[in-house]
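Asks: First the structure, which I've put down as structure tokens, then a few questions once you've had a look.
Residue numbers (the numbering used here): 7 to 211.
Below is the structure:
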């Protein structure tokens, strides 16, 4: 199966996600539409967050690199480890071309996902994936910029053991920081690698 272009009325898809029913803890996003629209989706923008080494970074910190961004959280039971595993596999399959990319894992749950927690969690995945956290206000800002659906699930117990529903797309931004396309986090590493090769080779295709 080949990944088809995802720049397809993305704003409508993400807006519709809020009306979906979650299954357990996981929000399963619908397949993106298959037609291409003209123009550039208003997705992405400036951000300032904290990396796993405790340093403040911004979108400007990664200029010159293609950004591969996934939004999730370390307590995620399924979608996040699946997507991060697939991204890790894609980086391996890309070989030297992976050097053109900077993969980022941005938390949607900054209350629990401190830089230290994210650093420990990401040890299970490719070391090139950088985790980003921040204050709630910083995270809320970047979620708004990227139009990420997030909903904290109610928990009967007040023990901090809650779940968060969220959209599960992998976002690709070009070296100038402009949105290019999205893929499903559930796509295999091979599929993601093929998609990335095509996008990097033909940025406007």
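Glycine included, each C-beta is placed from N, C-alpha and C at the ideal position.
Shortest alpha-carbon distance to residue 117 belongs to which of 54, 139, 110?
Replies: On the chain shown, position 111 is the one that residue 117 refers to. The residue with the shortest Cα to Cα distance from residue 117 is 139.
Asks: Between the Cα of residue 168 and the Cα atoms of 77, 70, 114, which residue gives the shortest distance?
Replies: As a first step, residue 168 is located in the chain shown; it is residue number 162 there, counting from the start. In terms of CA proximity to residue 168, 114 leads the group 77, 70, 114.
Asks: Give the list of continuous alpha helix (DSSP H) stretches no shorter than 4 residues that lie fully inside the stretch 115-155.
Replies: Taking 4 residues as the minimum length, the alpha helix (DSSP H) runs contained wholly in the stretch 115-155 are 121-127, 142-151, in order along the chain.
Asks: Apart from the five residues on each side of it in sequence, which residues of its chain come closer than 6 Å, Cβ to Cβ, to residue 78?
Replies: Your numbering for residue 78 matches position 72 in the chain shown. So the list reads 86, once near-sequence residues are dropped.
Asks: Taking the straight line between their C-alpha atoms, what separation do you get for residue 129 and residue 107?
Replies: Taking the chain shown and counting its residues from 1, the one referred to as residue 129 is at position 123. Taking the chain shown and counting its residues from 1, the one referred to as residue 107 is at position 101. When rounded, the separation of the alpha-carbon atoms in residue 129 and residue 107 is 19 Å.
Asks: Taking the alpha carbon of residue 197 as the point to measure from, which residue in 188, 96, 175 has its own alpha carbon closest?
Replies: Within the chain shown, the letter at position 191 stands for residue 197. It is 96 whose Cα lies nearest to the Cα of residue 197.
Asks: Skipping 5 residues on each side, what residues in its chain have a beta carbon closer than 8 Å to that of residue 142?
Replies: Counting from 1 along the chain shown, the entry for residue 142 is found at position 136. These residues qualify, in order along the chain: 116, 117.
Asks: Which residues in the same chain as residue 154 place their Cβ atom closer than 6 Å to its Cβ, once the five residues preceding and following it in sequence are excluded?
Replies: For the purposes of this step, residue 154 is taken as residue 148 along the chain shown, with counting starting at 1. Only 77, 173 meet the Cβ criterion.
Asks: My assumption, with CB atoms under 8 Å, is that residue 63 sits in contact with residue 55. Please give the rounded CB distance.
Replies: Position 57 of the chain shown, counted from the first residue, corresponds to residue 63. Position 49 of the chain shown, counted from the first residue, corresponds to residue 55. At roughly 6 Å, the Cβ-Cβ gap stays under 8 Å, so residue 63 and residue 55 are in contact.
Asks: Check this for me: beta carbons of residue 71 and residue 195, under 7 Å apart or not?
Replies: In the chain shown, counting from the first residue as 1, residue 71 sits at position 65. In the chain shown, counting from the first residue as 1, residue 195 sits at position 189. No. Outside cutoff.
Asks: Between 127, 66, 110, 208, which has its C-alpha nearest residue 177's C-alpha?
Replies: Position 171 of the chain shown holds residue 177. Residue 110 is the option with its Cα nearest to residue 177.
Asks: What first and last residue would you give for the alpha helix (DSSP H) that runs through residue 192?
Replies: Translated into the one-based positions of the chain shown, residue 192 becomes position 186. First-last for residue 192: undefined, no H or E at that position.
Asks: Would DSSP call residue 50 helix, strand or coil?
Replies: Counting from one through the chain shown, the residue named residue 50 turns up at place 44. Coil, per DSSP.
Asks: Mind checking which residues open and close the beta strand (DSSP E) that includes residue 91?
Replies: Along the chain shown, one-based indexing puts residue 91 at 85. Taken as a continuous stretch (DSSP letters only), residue 91 belongs to no beta strand (DSSP E), being part of the alpha helix (DSSP H) at 85-100.
Asks: Am I right that residue 58 and residue 136 are in contact with their C-beta atoms under 8 Å? What's the rounded C-beta distance?
Replies: Stepping through the chain shown from its first residue, residue 58 is reached at position 52. Stepping through the chain shown from its first residue, residue 136 is reached at position 130. 7 Å between Cβ atoms; contact.
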